[in-house]
Amino acid sequence: MFGSISLYVAAMAVTIASVVLMLHLTPNEWNYLKIKFWVFSFEADKSTDE
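Quick look at the structure:
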């Protein structure tokens, strides 16, 4: 497990990025990015979980 502070910072960054992106993207682009993000975070979790 990683620290709750880094988790909080990551959540804030994702939230801010989400708002900015939602203002600029069409729904289809947004869904694609969400899928890419979940795949990336899943891969990152696997690689850091030792």
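In terms of full-length UniProt numbering, the sequence shown opens at residue 1 and continues consecutively. Note that CB positions come from ideal geometry on N, CA and C, so glycine has one too. Computed from a predicted structure; not experimentally measured.
Check                                                                         : Outcome
Sub-8 Å separation of tryptophan 30 and leucine 23 beta-carbons               : no
Serine 18 versus Tyr32, Asp45 and Ala44, residue with shortest Cα-Cα distance : Tyr32
Per-residue DSSP class, three states only, for threonine 15                   : helix
Backbone CA spacing between alanine 11 and isoleucine 5 [nearest angstrom]    : 10 Å
Cα-Cα separation, proline 27 to lysine 34                                     : 10 Å
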